[in-house]
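J.: First the structure, which I've put down as structure tokens, then a few questions once you've had a look.
Residue numbers (my numbering): 85 to 131.
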């Protein structure tokens, strides 16, 4: 079915985005104290 395929791809894209955001957040928290890594995030997420 084509519809199921599109839906699956959409879910995968959403999961990938969420995982990417979580990883960047984790990297920012851990690397912030040890080494200054370039933070590529939206200005709205700066605390």
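Glycine included, C-beta positions come from ideal geometry on N, C-alpha and C.
Kindly list the residues whose CB is nearer than 6 Å to the CB of residue 89, restricted to its own chain and excluding five residues on each side of it in sequence; keep chain order.
T.: none
J.: What does the alpha-carbon distance come out to for the pair residue 110 and residue 99?
T.: Their Cα atoms are separated by approximately 16 Å.
J.: Give me the Cα-Cα distance between residue 92 and residue 106, rounded to the nearest whole angstrom.
T.: 21 Å
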